[in-house]
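Undergrad: This is the structure, below, for whatever I ask next.
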Amino acid sequence: HDPPSTTTTSPFAQPRSTSKLLQLAQACEQYHTSTLTTQMSQISSQRTTQYQQSHATLQQLIQRELSSANTAKERIQSRQKLRDQLEQEEKTQFELQQRQAEEQRQLQLDAQRALEEERRVKSEEERVKELKRIEQLQQAEQEAEQENATKYAHVKRAQSLIENLDVVRSSLIEFDKSKSVGKRRLQFKKVVNGRINTLSHEVNKILDVGRVVVEAIEAASRDDDAAASSGAEGVMTMGKKYLL
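This note's numbering numbers the first residue of the sequence shown as 5 and each following residue consecutively.
Here it is in structure tokens:
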């Protein structure tokens with residue numbers, strides 16, 4: 005019989021019996037459980053610390069990025085504002101130049117219109133003067149023509165009568181050459197010389213002579229009608245009625 009050992013039994017000591025083996029298993033299980041829990045706790049604590057540190061670092065980075073972004077945004081806004089201001093100034097300057105150019109162009113147009121209107125008025129005045137001068141000349145010419153016409157009206161009248169007489173004479177050439185006309189002319193000369201030349205203030209004689217002349221005209225007309233009906237040419241149908 006061996007004396008009892010005074011040393012502490014190790015959980016990993018070689019078991020000598022079933023109960024010891026169970027105790028060893030329980031001891032191992034407790035050891036592993038406490039060790040694993042401790043390790044897990046340590047790991048969890050480390051991970052939590054690392055996560056917190058990472059989170060804090062990330063938060064700092066995010067804050068720095070946000071700060072940089074805000075700074076950049078402010079710079080962009082400042083530049084945009086400055087650019088908008090410059091664009092507005094350029095737009096205002098451009099509009100001002102446009103207005104000035106338009107005003108200058110309008111002034112030039114007004115001056116040109118005024119000059120054209122002045123020229124038109126001057127031209128119209130000259131045209132009116134020219135028309136008035138022409139009218140005066142025409143009126144003077146008409147008055148001169150009227151004066152000449154009045155002064156030489158009898159000359160023109162005489163010329164017209166001479167021309168008319170020439171026309172009448174030309175129409176009577178064949179009439180005067182006709183033997184029938186000559187015979188008729190001699191007949192009426194006898195009537196005229198024998199009756200009309202002896203007229204006096206006696207009414208009865210005047211009536212008798214008028215009757216003789218009328219009878220002679222009627223007889224000549226009957227002769228002409230008879231000649232015309234037979235196809236011959238009567239004296240009274242040859243042109244101007246000779247006696248009348």
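We put the beta carbon where it would ideally sit given N, CA and C, even for glycine.
#1: Give me the Cβ distance between Ala-224 and Arg-188, rounded to the nearest whole Å; I'm assuming they're in contact under 8 Å.
#2: From Lys-194 to Thr-154, what does the alpha carbon distance come to, in whole angstroms?
#3: What residue range does the alpha helix (DSSP H) around Glu-99 cover?
#4: I'd like to check one pair, Ala-232 with Phe-192: are the Cβ atoms closer than 8 Å?
#5: Looking at the unbroken alpha helix (DSSP H) that takes in Glu-178, where does it start and where does it end?
#6: Looking at chain D, is there any beta carbon in it that lies within less than 8 Å of the beta carbon of Ala-220?
#7: Following the continuous alpha helix (DSSP H) through Glu-219, name the residue where it begins and the one where it ends.
#8: For Val-213, does the count of other Cβ atoms within 10 angstroms reach 16, so buried, or fall short, so exposed?
#9: Which class does Ser-164 belong to by DSSP, given the choice of helix, strand or coil?
#10: Assign Asp-228 to buried or exposed, taking buried as 16 or more other Cβ atoms, counted over all protein chains shown, within 10 Å of its Cβ.
#11: Measure the Cβ-Cβ separation of Val-171 and Phe-179 and say whether it is below 8 Å.
TA: Well, looking at it:
#1: 6 Å
#2: 46 Å
#3: 22-155
#4: no
#5: 177-181
#6: Annotation note: the requested chain D is absent from the structure, which comprises a single protein chain.
#7: 207-233
#8: buried
#9: helix
#10: buried
#11: no
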